[in-house]
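Letter by letter, the sequence shown follows residues 1 to 323 in UniProt numbering.
Glycine included, every Cβ here is placed at the ideal spot set by N, Cα and C.
These notes concern the structure reproduced below.
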Amino acid sequence: MVEQILTVIREYERFAVTSHLSPEADAIGSQLAVKHILEALGKEARLVLRDPVPETLRFLPGADSIQSVGHFSREPVDAWFVVDCGQVNRVGEGILQLLQDHPLIVNIDHHVDNPLFGHINWVKVTASTTMVLYELTQHLGVKITPELATCLYSGIVADTDSFRNANVSADVLSVATELVRCGAPAREIAVQIYERRTLPEIRLLGHTLLNAQVMDGVIWSSIPQELFRRTDTSVNDTERLVEELRATDGIRVALLFKEMGTGKIKVSLRAKKEGLDMSRIARLFGGGGHKQAAGCLVPGTLEDVEARVIQEVKGALKTELHG
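Put into structure tokens, the structure is as follows:
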């Protein structure tokens with residue numbers, strides 16, 4: 001597995017790298033980490049995403065090299081790296097077609113439910129995909145520059161929710177410490193990921209919290225299209241809102257429902273403590289993720305999807321309570 005990836009990197013020259021829709025810091029940090037690793041070895045790396053890089057992540061070294069599908073060169077590559085992507089269809093239309101036509105896909109991920117869709121797969125259940133890529137640097141003997149350290153550390157910070165999730169271990173903290181030693185600016189990364197919101201985003205947050213409902217250990221809020229219009233925001237501005245709901249005292253699960261305007265509802269699921277598996281519930285609706293943090297995109301109206309997901313969550317809570 002790892003040896004196969006090392007062989008691909010050593011034997012080939014031209015690579016393309018992609019990740020999932022609605023990319024966050026682990027997705028983009030992983031993409032850019034692969035780019036820095038390959039370029040350190042004298043290889044060519046071209047990066048593409050279906051969705052744009054969020055403004056708060058444009059500080060990551062090399063972020064301006066990530067292209068949209070429309071601008072991505074169709075020049076042949078020797079292999080595709082798909083990183084931090086639990087399901088291959090999550091790369092989005094356009095990129096999915098490019099992958100289907102290619103004979104060599106390397107899948108590097110940390111999601112427990114990854115179906116091993118690549119020709120070569122390295123899926124390791126750990127805090128972030130950038131943790132797996134840190135291990136790759138050790139196998140390859142690549143020096144970790146401040147730029148590479150920044151990308152790797154950002155993925156860890158984001159996917160551990162700033163070291164607050166149950167996926168934090170001694171190994172995670174040890175790697176994070178090493179990356180700071182290598183030049184990752186820990187405070188700047190924390191500010192960029194957690195302390196940057198526009199005024200429209202603040203207003204959206206206010207409405208989301210004001211509209212929250214609580215019942216039987218579950219807190220949830222919904223964002224209809226009309227609220228996006230009224231606050232001059234979009235679904236791209238909802239990152240971390242569900243974590244604000246999860247901070248509520250006395251709750252077990254936080255849910256955020258976002259109306260996409262395409263007849264589908266995007267659902268974010270967060271568990272406050274270990275025990276409940278949010279990824280299992282998300283999979284019932286065609287999604288996935290991790291035990292404490294998962295998501296899905298569900299066809300239907302806001303009211304219908306709310307009712308169905310909340311029913312499943314409450315059922316899971318009752319099952320856990322009664323053993």
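Among 168, 315, 188, 161, whose alpha-carbon lies nearest the alpha-carbon of residue 240? What you label residue 240 is simply residue 240 of the sequence shown in a count that begins at 1. Closest by alpha carbon: 161.
Hey, residue 83 and residue 168: beta-carbon distance below 8 angstroms or not? As a first step, residue 83 must be located in the sequence shown, where it is residue number 83. As a first step, residue 168 must be located in the sequence shown, where it is residue number 168. For residue 83 and residue 168, no; Cβs fall outside 8 angstroms.
Residue burial classification, residue 137 (beta-carbon count within 10 angstroms, cutoff 16): The residue you call residue 137 lines up with position 137 of the sequence shown. It counts as buried.
For residue 143, which of helix, strand or coil comes out of DSSP? Stepping through the sequence shown from its first residue, residue 143 is reached at position 143. Three-state DSSP puts residue 143 in coil, outside helix and strand.
Excluding the five sequence neighbours on either side, which residues of its own chain have a C-beta within less than 7 angstroms of the C-beta of residue 124, listed in chain order? Taking the first residue of the sequence shown as 1, we reach residue 124 at position 124. Listed in chain order, the non-local C-beta contacts of residue 124 below 7 angstroms within the same chain comprise 110, 132, local neighbours out to five positions each way being set aside.
How is the alpha helix (DSSP H) around residue 10 delimited, first residue to last? Stepping through the sequence shown from its first residue, residue 10 is reached at position 10. Counting along the chain, the alpha helix (DSSP H) containing residue 10 begins and ends at 2 to 11.
Inter-residue Cα distance where the pair is residue 163 and residue 157: As a position in the sequence shown, residue 163 is number 163, starting the count at 1. As a position in the sequence shown, residue 157 is number 157, starting the count at 1. When rounded, the distance between both Cα atoms is 6 angstroms.
Three-state secondary structure (DSSP) of residue 197: Indexing the sequence shown from 1 puts residue 197 at position 197. Here residue 197 sits in coil by DSSP.
Would you report the Cα separation of residue 73 and residue 269, rounded to the nearest angstrom? Along the sequence shown, one-based indexing puts residue 73 at 73. Along the sequence shown, one-based indexing puts residue 269 at 269. Using only the alpha carbons, I get a separation of about 36 angstroms.
Identify whether residue 68 lies in helix, strand or coil by the three-state DSSP scheme. In the sequence shown, the residue the question calls residue 68 occupies position 68. Three-state result, residue 68: strand.
Starting from residue 228 and walking both ways along the alpha helix (DSSP H), at which residues does that stretch end? Within the sequence shown, the letter at position 228 stands for residue 228. Boundaries of the alpha helix (DSSP H) harbouring residue 228: 225 to 231, taken from the DSSP string.
Name the DSSP beta bridge partners of residue 258, please? Residue 258 sits at position 258 when you count from the first residue of the sequence shown. In DSSP, residue 258 forms a bridge with 223, 266.
Does residue 214 come out as helix, strand or coil in the three-state DSSP assignment? As a working mapping, residue 214 is identified with position 214 in the sequence shown. Residue state for residue 214 is assigned as strand, using DSSP reduced to three classes.
Once DSSP output is grouped into helix, strand and coil, what is the label at residue 105? For the purposes of this step, residue 105 is taken as the residue at position 105 of the sequence shown. In this structure, residue 105 counts as strand in the three-state DSSP scheme.
To which residues does DSSP link residue 120 through a beta bridge? By one-based count along the sequence shown, residue 120 stands at place 120. Answer is 106, bridged to residue 120.
So who's on the other strand from residue 46, going by DSSP bridges? Position 46 of the sequence shown, counted from the start, is the residue given in the question as residue 46. For residue 46, which the question treats as bridged, DSSP gives the partners 16.
Following the continuous beta strand (DSSP E) through residue 295, name the residue where it begins and the one where it ends. For the purposes of this step, residue 295 is taken as residue 295 along the sequence shown, with counting starting at 1. 293 to 299 is the extent of the beta strand (DSSP E) around residue 295.
C-alpha gap between residue 245 and residue 45, whole angstroms: Here residue 245 corresponds to residue number 245 of the sequence shown, with the count starting at 1. Here residue 45 corresponds to residue number 45 of the sequence shown, with the count starting at 1. The straight-line gap from Cα to Cα measures roughly 39 angstroms.
Spell out a yes or no on whether the region 26 to 33 and the region 57 to 66 are touching, meaning 3 or more CB-CB pairs, one atom from each, closer than 8 angstroms. Taking 8 angstroms as the limit for Cβ pairs, the verdict is that the region 57 to 66 does touch the region 26 to 33.
Please classify residue 191 as buried or exposed, where buried requires at least 16 other C-beta atoms within 10 Å of its C-beta. Along the sequence shown, read from residue 1 onward, the residue named residue 191 stands at position 191. Under this definition residue 191 is an exposed residue.
If we count Cβ pairs, one from each stretch, closer than 8 angstroms, do we get three or more for the region 111 to 118 versus the region 79 to 98? Enough Cβ pairs lie closer than 8 angstroms, so yes.
Should residue 278 go down as buried or exposed, given a rule of 16 or more other Cβ atoms within 10 Å for buried? Residue mapping note: residue 278 aligns to position 278 of the sequence shown, counting from 1. Residue 278 should be labelled buried.
For the candidate residues 117, 55, 70, whose alpha-carbon lies nearest to that of residue 81? Here residue 81 corresponds to residue number 81 of the sequence shown, with the count starting at 1. Closest option to residue 81, Cα to Cα, is 117.
Residue 155 by DSSP, collapsed to three states: which one? On the sequence shown, position 155 is the one that residue 155 refers to. Helix.
Under 8 angstroms between the Cβ atoms of residue 56 and residue 223? Here residue 56 refers to the residue found at position 56 of the sequence shown. Here residue 223 refers to the residue found at position 223 of the sequence shown. In this structure, residue 223 does not lie closer than 8 angstroms to residue 56 by Cβ.
Any chance the region 146 to 155 sits against the region 170 to 180, with 3 or more Cβ pairs inside 8 angstroms? Output reads yes: the region 170 to 180 touches the region 146 to 155.
Determine the direct distance from the alpha carbon of residue 92 to that of residue 103, and round the result to whole angstroms. As a position in the sequence shown, residue 103 is number 103, starting the count at 1. As a position in the sequence shown, residue 92 is number 92, starting the count at 1. For the pair residue 103 and residue 92, the Cα-to-Cα distance works out to about 19 angstroms.
Who are residue 289's beta bridge partners in DSSP? Position 289 of the sequence shown, counted from the first residue, corresponds to residue 289. DSSP output for residue 289 lists 294 as bridge partner(s).
Simplified DSSP state of residue 242, which is helix, strand or coil: The sequence position of residue 242 within the sequence shown is 242, counting from 1. When DSSP states are grouped into helix, strand and coil, residue 242 belongs to the helix group.
By how many angstroms is the C-alpha of residue 106 removed from the C-alpha of residue 5? Within the sequence shown, residue 5 is the residue found at index 5, counting from 1. Within the sequence shown, residue 106 is the residue found at index 106, counting from 1. Taking the straight line from one Cα to the other gives about 7 angstroms.
Rounded to the nearest angstrom, how far is the Cβ of residue 220 from that of residue 276, given a contact under 8 angstroms? Indexing the sequence shown from 1 puts residue 220 at position 220. Indexing the sequence shown from 1 puts residue 276 at position 276. Going by Cβ atoms, the distance from residue 220 to residue 276 rounds to 15 angstroms, so no, they are not a contact pair.
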